[in-house]
Every structure is written in structure tokens, then in C-alpha cells.
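Novice: I am attaching a structure below and will ask some questions about it afterwards.
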Amino acid sequence: MAETLDAVLRSARKRLNDQGCEDAATEARLLAEWAFSLTRLELVTKAEMPVDLTYLQVFESALMRRLAGEPVHRIMGFREFFGLRLELSAETLEPRADTEVLVELVRDILAARGRQADELEILDLGTGTGAIALALLTVCENASATVTDIAQGALETAVNNARTNELSERVTAVHGNWFEPVEGRFDVIVSNPPYIPSAVVPTLDSEVREHDPLAALDGGMDGLDPYRAIAAGAAVHLNAGGIVAVEIGFDQASDVQGIFKEAGFALLELRNDLGGRDRALAFALQ
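Following our numbering, the numbering of the sequence shown begins with 2 at its first residue and continues without gaps.
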């Protein structure tokens, strides 16, 4: 007799919990929704449904990958961010909930200035999946975005994500490092750059170290090289009244403020993440 969906889920939760998974219930549910093509509600209403062997094999394969240390969203191949479903690839970071703080910071500043509905030009440096730019386009309905990345594979992923979220007509992708391929001026320049010091990268949790692209993590000797590059190039690409906003490491606020101040920028706002840690900074030219 085939196992029921409920029995399969209970077994998966136990195996993940025994492995030391901090949120075994959530991860088992996410893998089940993906493998069985069910919604969260259907997992409940169809709990006693016998599981088809073909789908069970997909689920078991995914569960084994998770037990071996591969992150859930890498297994699924996508992650939700700011209401968008974003495809992942080997050359992109997983967009994290903390990065939504950067999107919210920019949105709130624009709204306070009465500019959220303007025909804004947004530049997302090191775009990865395109998460920040695409999220901003959903809250700034008349804006357009230029996205850049040094990794061609990441740029292709961002373009695909723009297409699947029906935003491709408002997105231009250019390949290159920071401002090198960029022409023109923008109202908003945003980035979630690599900010981990080189010596710290090998000590990161294995789920990050072994599955996230190292080029998207390593910020140089002190973790601040990308901020220096962004601060140095931003002024010539910023429209009058424009803003620059960046995600930062929890202990980098003072250093990043100093870098931007030296480049002629004044701090507009520092915003914390859900854990109360410094996470995003916004600047304007002095």
C-alpha cells in the first residue's frame, strides 16, 4: 500500500530534525510543495492521499540532497523575493529576506519625496538574480531599470527573471564590472555587493561556502572594495536629486559611511533588518 502524504512529511521532518536542521518542518513542507506540485493548503487537505511513486522518488531525491547540505532553494531552483518568483543559477546568490530591507528603504525615500510614480531610471549594480531591480519596478510602476553583472550567467538569469515576471520591457542588461559598461545617469543606484572579507570566506557555513558563488561573497581584504568602487563612480552617473542605496554587512555601517562621505555623499538613512542589525544605507550627493 502506498504511503500517505502525511506519513511522508512526518518522516521527512524527523530525518531533517535528526540531521540538525533548524527548521525541519518548513523545509520538509517547501520540498513537498515543490516535488508534489501542491499548495500549502493542499498538503493539509490531501494529507491522507496515497503518494504516487514517481513523485515520491522526486521528493526523496530532493530530501537526500538537503540532508547532504544543499540549501532548499538551490534544490528547488527558485526563491520568492518581494512577491516575485526568481530563478536561481550557479552564478547567483539566493536573494534573502534581509535584502528586502534595501528595497523598502528606496521605496520609502521615493514615496516621501513624491517620486514613486515618476519615470525613474534605476541602476542595479551586480544584479545577480535581478531581485532588487525587479522588486523596485513592482513598486515604481513607471520606472525602468538597467542591471549589470560581471558574471554572464548571472545576467542571463536576471533577464530570464524579468521575462517570467513580465518586466522585461522595462529592463536593460549590460555585462561588465560595476560602472564600466554603464552609460547615462540614473535617479536611483542600488547594489547588494560582495562584502565579506576574503579571509572570512573560507570560514563561512558550508551551505553558503559550497553553494553560493564565491565571487558574489568576497569583498576583498577588508570586505569594502565594492563600496569604494560604487562610491567612486556613482556621482557621474547620478541625476540631480538622485540617491545611492547599498546593502551592508552588520558591522560595516561606519566604514561604508566614511567611504561615501569621502566621495562627497551624505547619509540619508540607515535601516536595520528584522534582526535589528544594520543592513542598508542610502546616500545623496552633498
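Where a beta carbon is used, it is the ideal one built from N, C-alpha and C, also for glycine. Nothing here was measured: the structure is a model prediction, and the numbers come from that model.
Using C-beta distances below 6 angstroms, list every residue in its chain close to residue 13, excluding the 5 sequence neighbours before and after it, in chain order.
Specialist: If you number the sequence shown from 1, residue 13 lands on position 12. Excluding sequence neighbours, residue 13 sits near 29 and 64.
Novice: Do you know how far the Cα of residue 112 is from the Cα of residue 153?
Specialist: The residue labelled residue 153 in the question sits at position 152 within the sequence shown. The residue labelled residue 112 in the question sits at position 111 within the sequence shown. Roughly 33 angstroms separates the two Cα atoms.
Novice: Alpha carbon to alpha carbon, how far is residue 204 from residue 145? Give it in angstroms, no decimals.
Specialist: Here residue 145 refers to the residue found at position 144 when the sequence shown is read from its first residue. Here residue 204 refers to the residue found at position 203 when the sequence shown is read from its first residue. Approximately 39 angstroms between the Cα atoms of the pair.
Novice: What separation, rounded to the nearest whole angstrom, lies between the Cα atoms of residue 49 and residue 80?
Specialist: Mapped onto the sequence shown, residue 49 falls at position 48. Mapped onto the sequence shown, residue 80 falls at position 79. Whole-angstrom Cα-Cα distance: 28 angstroms.
Novice: From residue 257 to residue 207, what does the alpha carbon distance come to, in whole angstroms?
Specialist: Walking along the sequence shown from the start, residue 257 turns up at place 256. Walking along the sequence shown from the start, residue 207 turns up at place 206. Distance between the alpha carbons of residue 257 and residue 207: 27 angstroms.
Novice: Going by alpha carbons, who is nearest to residue 82 out of 239, 284, 129 and 218?
Specialist: To locate residue 82, count along the sequence shown from 1; it is residue 81. Considering only alpha carbons, the answer is 129.
Novice: Taking the alpha-carbon of residue 176 as reference, which of 125, 223 and 199 has the nearest alpha-carbon?
Specialist: Taking the first residue of the sequence shown as position 1, residue 176 is located at position 175. Considering only alpha carbons, the answer is 125.
Novice: Do residue 272 and residue 103 count as a contact pair if the criterion is CB distance below 9 angstroms?
Specialist: Here residue 103 is taken as the residue at index 102 of the sequence shown, counted from 1. Here residue 272 is taken as the residue at index 271 of the sequence shown, counted from 1. Contact flag set, yes.
Novice: Note down the Cα distance separating residue 276 from residue 237, rounded to an integer number of angstroms.
Specialist: By 1-based counting over the sequence shown, the position of residue 276 is 275. By 1-based counting over the sequence shown, the position of residue 237 is 236. Cα to Cα, residue 276 sits roughly 35 angstroms from residue 237.
Novice: Would you mind giving the Cβ-Cβ distance between residue 89 and residue 270, rounded to the nearest angstrom? I have them listed as a contact below 8 angstroms.
Specialist: For this step, residue 89 is matched to residue 88 along the sequence shown. For this step, residue 270 is matched to residue 269 along the sequence shown. Rounded, the Cβ-Cβ distance is 30 angstroms, inconsistent with contact.
Novice: State buried or exposed for residue 42, treating a residue as buried only when at least 16 other CB atoms are found within 10 Å of its CB.
Specialist: By 1-based counting over the sequence shown, the position of residue 42 is 41. Counting Cβ neighbours within 10 Å, residue 42 comes out exposed, since fewer than 16 surround it.
Novice: Could you tell me the distance, in whole angstroms, from the CA atom of residue 263 to the CA atom of residue 243?
Specialist: Against the sequence shown, residue 263 aligns to sequence position 262. Against the sequence shown, residue 243 aligns to sequence position 242. Roughly 18 angstroms between the two C-alpha positions.
Novice: Considering only DSSP beta bridges, list what residue 149 is partnered with.
Specialist: On the sequence shown, position 148 is the one that residue 149 refers to. Partner(s): 175.
Novice: Helix, strand or coil: how does DSSP classify residue 108 here?
Specialist: As a first step, residue 108 is located in the sequence shown; it is residue number 107 there, counting from the start. Of the three classes helix, strand and coil, the one that applies to residue 108 here is helix, per DSSP.
Novice: Taking 7 angstroms as the limit between beta carbons, can you name the residues of its chain near residue 323, skipping five residues before and five after?
Specialist: Absent from the model: residue 323. The displayed extent of the chain is 2 to 287, so no value can be given.
Novice: Strictly by DSSP, which residues pair up with residue 205?
Specialist: Along the sequence shown, read from residue 1 onward, the residue named residue 205 stands at position 204. The partner list for residue 205 (beta bridge, DSSP) is empty, contrary to what the question assumes.
Novice: By Cβ distance below 6 angstroms, which residues in the same chain neighbour residue 281 in space, the five residues on each side in sequence not counted?
Specialist: As a first step, residue 281 is located in the sequence shown; it is residue number 280 there, counting from the start. Only 102, 103, 106, 248 and 272 meet the Cβ criterion.
Novice: Looking at the structure shown, is residue 40 part of a helix, part of a strand, or coil, going by DSSP?
Specialist: The residue given as residue 40 occupies position 39 in the sequence shown. The answer is coil: DSSP assigns residue 40 none of H, G, I, E or B.
Novice: Would you check if the distance between the CB atom of residue 10 and the CB atom of residue 31 is smaller than 9 angstroms?
Specialist: Residue mapping note: residue 10 aligns to position 9 of the sequence shown, counting from 1. Residue mapping note: residue 31 aligns to position 30 of the sequence shown, counting from 1. Contact: no.
Novice: Quick check on residue 255: buried or exposed, where buried means 16 or more other Cβ atoms within 10 Å of its Cβ?
Specialist: Taking the first residue of the sequence shown as 1, we reach residue 255 at position 254. Classification of residue 255: exposed, given that the 10 Å Cβ count is below 16.
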